[in-house]
Amino acid sequence: MSTDRIDVPRFAGNMFGDDVLADSYPTFRTLRDLGPVVWLEQHGIYAVTRHAELVEALRADKVLVSGEGVSVNERLNGPDAPTGTSTLTSDGELHRRLKQLEMRPLRPTQLAHLRDQVMHMAADKVAELTDGATFDAMARLAAYLPTTIVADLVGIKGIGPERMLEWSNAVFDAFGPADHARTGAALPTIGQFVEFGMGLTREDLVPGSWADSVFAAAEKGELPLAAARDLIFDYVLPSLDTTIYATGELLFRLAADAQAFAQLKRQPELVAGTINEAVRMASPLRGFTRLVRHDFRLGATTLPAGARVWLLYASGNRDERRYADPDRFDIARNPRDHLGWGHGVHLCSGMHLARLEMEAILAALLAQVDRIEGGSPVRIINNSAQGFAHLPLALHRA
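In the working numbering, the protein residues as written are 7 to 404.
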C-alpha cells in the first residue's frame, strides 16, 4: 500500500499523547490544513479530517464498513472481538435489524412519557443548587439525569451508573493503539465487562426494562441470545458519559458567555439550536474507524482496500470550511449537520434522550437562574472520549 500513499499528506505526531488528548483541537486544525485525508505515520492508518469528506465517508457505509471493528486497536476489531457484535460494529441487514430492536424504546414517541418526569427532576436539581455556592457541575448537574434515569431504564440488577461509567470509560480507552499504556490499563476492566455480559440471563434484568425487552425479543426468535447480550451493552456503553460531556460543555459555554445566557432567556426558541451548538463544540467522541472494503476515492485520495480509516468527527465539527469562526460558541448558529452524534446509518440511537436531558437542564436554568459563574475546568484524558472531569460552577438568582 505504500505506493498509494505517495501523494497523501503525512502527519508524524502521536495522536494519543496526553497533550493531544487534553486538547485535540490544535492538532485537528493541523490535520485539516494538511488535507481532507491524512496518513498518520505513527498509527498506520488514514484520518479523514474535514466535514464534507466525513459526511461522504459516513454515507459510504457499504464500502467503509464497521463490521470489522471501529477501533484503532486491532485487538478489538474483527468478528472475534471481545466486545461482540453491536449496532456500532455491524453493517447491512444485521445492523438494520439490531438498530431496529435497539431503537424501540428510544424513539421520540416512546420517550414522550418521560418528558414531564425529566423536566421536573431537572427543575428540582437546579433549585437545590441555586444558592450561589460553588459546586462540581459535572458530578452534581451534568451527570444527574443520565445517571439517575438511564441506569434504571436499562435495568440490569445490581449494575448502577458508577459501574456503567467505569465500563464505558475503559472501552473508549481500549479503542486506542494496542501498544499504548492507557489502552493496556483498560483491558482488565474490559475483561470483567465481557465476563459479566457472557453470563447475563433474563433473571438479572428488571422486568419491563430496556434490557429485558431485548431478551424478550431473543426469546421470540428475533435475534440470537448472544446478540441480545451484545445489544444490551449498546445501551450501557454510550448512554451516560457522552451525554454528560455534552451537557458539561453546554454549562461551561453558558458560564463563559453571560450575553448568550441572557439572550436565551429572552429568546427560548433558540434552545434547540443551542443544544446542537453545544454538541458540536463538545464532540464527546473524537471519532471511530472503518475498514475499507474495496478501493474508495475520497477527495483526491484513493483509500486502498484493507486500509483502516479514522473518521474524526470532532475535527469535522470545527472545520472552518463548514462553520464560520468554528471555535466560537454561537447560540444562533444551529448546526443541524454537526457530527457530534455521527451521521448516516450509524447516527446515535440515544440522541433523542440526550437532547431531552440537555433541554431539561437548560429549561431549568433559564427559569431559575440569572447568572452562571464558572471556574477553571479539568479535562478527562481518554483515548476516544473528551470532555470535562470537573467543572466548578455557581448558580445565582437575581
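Where a beta carbon is used, it is the ideal one built from N, C-alpha and C, also for glycine.
For Ala400, the residue or residues it bridges with in DSSP: Residue pairing for Ala400: DSSP places it in a beta bridge opposite Glu379.
Distance check for Leu27 and Met21, CA to CA, integer angstroms please. 7 Å
Quick check on Ala157: buried or exposed, where buried means 16 or more other Cβ atoms within 10 Å of its Cβ? buried
Measuring straight from C-alpha to C-alpha, what distance separates Ser289 and Gln392? Rounded to whole angstroms, Ser289 to Gln392 spans 7 Å at the Cα level.
Is Val212 helix, strand or coil by DSSP? Correct three-state label for Val212: coil.
Looking at the structure shown, is Trp347 part of a helix, part of a strand, or coil, going by DSSP? coil
Residues near Gly279 in its chain [Cβ-Cβ closer than 6 Å; skip 5 each side]: Asn340
Taking the alpha carbon of Leu37 as the point to measure from, which residue in Asp325, Pro332, Ala373 and Val384 has its own alpha carbon closest? Scanning Asp325, Pro332, Ala373 and Val384 for the CA closest to the CA of Leu37 turns up Asp325.
When the Cα atoms are used, what is the spatial distance from Val78 to Arg296? 9 Å
Can you name the start and end residues of the alpha helix (DSSP H) that Tyr251 belongs to? Asp247 to Ala262
Going by the CB atoms, is the gap between Leu151 and Met127 shorter than 8 Å? yes
For Tyr31, report the span of its alpha helix (DSSP H) as first-last. Tyr31 to Leu40
Where Ala63 falls: helix, strand or coil (DSSP): If DSSP states are grouped into helix, strand and coil, Ala63 belongs with the helices.
Can you give the Cα-Cα distance for Gly405 and Leu260, rounded to whole angstroms? Shown here, the chain extends from 7 to 404; a query on residue 405 therefore has no answer.
Which whole-angstrom value describes the C-beta separation of Asp210 and Ile162, a residue pair presumed to lie in contact below a C-beta threshold of 8 Å? 6 Å
Is Phe335 helix, strand or coil when you go by DSSP? coil
Going along the chain, which residues of its own chain have a beta-carbon closer than 7 Å to the beta-carbon of Trp216, five neighbours each way excluded? Pro111, Leu159, Val160, Gly161 and Tyr241
Beta-carbon proximity check, Ala395 vs Glu379, cutoff 8 Å: no
Assuming the contact rule is C-beta atoms closer than 8 Å, Val277 and Leu368 should be a hit. Round their C-beta distance to whole Å, please. For a cut-off of 8 Å, the C-beta gap from Val277 to Leu368 is around 6 Å, short enough to register as a contact.
Contact between the region 194 to 206 and the region 107 to 123 (3+ Cβ pairs under 8 Å): no
Could you give the distance in angstroms between the alpha-carbon of Gln269 and the alpha-carbon of Ala330? 20 Å
Inter-residue Cα distance where the pair is Ala148 and Glu365: Rounded to whole angstroms, Ala148 to Glu365 spans 12 Å at the Cα level.
Inter-residue spacing [alpha-carbon to alpha-carbon] between Leu135 and Ala58: 42 Å
Rounded to whole angstroms, what's the CA-CA distance from Ile155 to Thr248? Just pull it up for me. 15 Å
Report yes if the CB atom of Arg292 is closer than 8 Å to the CB atom of Ala311, and no otherwise. no
C-alpha gap between Pro383 and Ala176, whole angstroms: 22 Å
If we require 3 or more residues per run, which beta strand (DSSP E) segments fall completely within the region 276 to 330? 294 to 298, 302 to 304, 307 to 309 and 314 to 317
Nearest to Pro411 (by Cα), restricted to the options Asp179, Ala180, Ala145 and Arg188: Limits of the chain in this structure are 7 at one end and 404 at the other, which puts residue 411 out of reach.
Which first and last residues belong to the alpha helix (DSSP H) in which Val160 is found? Ala157 to Val160 is the extent of the alpha helix (DSSP H) around Val160.
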